[in-house]
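What follows is a short report on a single structure.
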Amino acid sequence: DRPFTQVDSLTQAVSDRTIYITMVDQKDRIQKIRDAVAPLPGLQYAFYKDVYDRDSWYLELCGAGASKRQAVDYLRHAYGFAHIIGFGDNLNDLSLFAGCDECYAVANARDEVKAAATGVIGSNLEDAVPEWILEHYYHNQKG
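So in the numbering used here the end of the sequence shown lands on 560, straight run, no missing numbers.
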C-alpha cells in the first residue's frame, strides 16, 4: 500500500495494481527496455534525458488511462475546477500542459517544454514554482 516501491526487476513490478513505473539509467541500457515495451497495447511511455543529471535518462511507463493529461481532466471534472495551472520542466510534462488552462516552464526546462508553455518562470533550483504561487495567489488572497 505504499505509493512508491523500488523493485529489482520489471517482472516483480507487474500487477493489476501497478499504474506507473519509472526507470532511471544510462541511455543505451534504458532504450533497450523502451524498444521492447513500445509496441505493447494499452501502454504509453515517456523517454527523455534528465535536465539535472547529464548521464541519466528516464523511462516512464503507465497504462493508457494514466497520463498527466488524464489526471488534469479528472480533477477538472471531479472537483469542478474552472481553471487549472501546471508547471513543468521535462518532456513528461507536455501531456500535463495539454490539459491545463495555463502552464509554466521553469527556466531550466527543456526547450520543447518552454515552447509549449504559457510562460517561463525562474529556475526550480531557485524555488520558482512556490515563489510564483505565492506572488500570484497567496499574496493576492491576503490583500
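Glycine included, every Cβ here is placed at the ideal spot set by N, Cα and C.
Quantities reported herein were computed from a predicted structural model and do not represent experimental measurements.
Review point. Thinking C-alpha only, which one of F498, E529, S473, A534 is nearest K444?
Key: With distances taken between Cα atoms, K444 lies closest to S473.
Point to revise | the stretch 498–516 contacting the stretch 530–542, beta-carbon criterion three pairs below 8 angstroms | key: Touching, yes.
**Study point:** Alpha-carbon to alpha-carbon, G516 and I450
**Key:** Rounded to whole angstroms, I450 to G516 spans 28 angstroms at the Cα level.
Check your understanding: To the nearest whole angstrom, what separates the beta carbons of V546 and F504, a pair I think is in contact under 8 angstroms?
Key -> Indeed they touch by this definition, with Cβ atoms about 5 angstroms apart.
Review point. G539 by DSSP, collapsed to three states: which one?
Key: The three-state reading of DSSP puts G539 in coil, since its state is none of H, G, I, E or B.
Review point. Can you check whether the CB of A524 is closer than 8 angstroms to the CB of G539?
Key: Yes.
Review point. Would you report the Cα separation of A455 and H500, rounded to the nearest angstrom?
Key: Their Cα atoms are separated by approximately 33 angstroms.
Check your understanding: Helix or strand or just coil, what does DSSP make of V468?
Key -> Note: V468 maps to coil in three-state DSSP.
Exercise for review: Would you identify the three-state DSSP class for I550, choosing helix, strand or coil?
Suggested key: Per DSSP, reduced to three states, the secondary structure at I550 is helical.
Practice item. Using three-state DSSP, classify A463 as helix, strand or coil. Key: In the structure shown, A463 adopts extended strand secondary structure according to DSSP, grouped into three states.
Review point. Would D506 be called buried (16 or more neighbouring beta carbons within 10 Å of its own) or exposed?
Key: D506 comes out buried.
Point to revise | Paired residues, beta bridge with F504 - DSSP | key: Checking the DSSP bridge columns, you'll see F504 partnered with Y521.
Point to revise | C-beta contact flag for G482 and L460 at 8 angstroms | key: Going by beta carbons, G482 and L460 fall outside the 8 angstroms limit.
Point to revise | Separation of F498 from V468, as counted between CA atoms | key: So the two alpha carbons sit approximately 31 angstroms from each other.
Review point. When the Cα of E477 is compared with those of M440, D490, Q448, A453, which residue comes out closest?
Key: E477 has its Cα closest to that of M440, out of M440, D490, Q448, A453.
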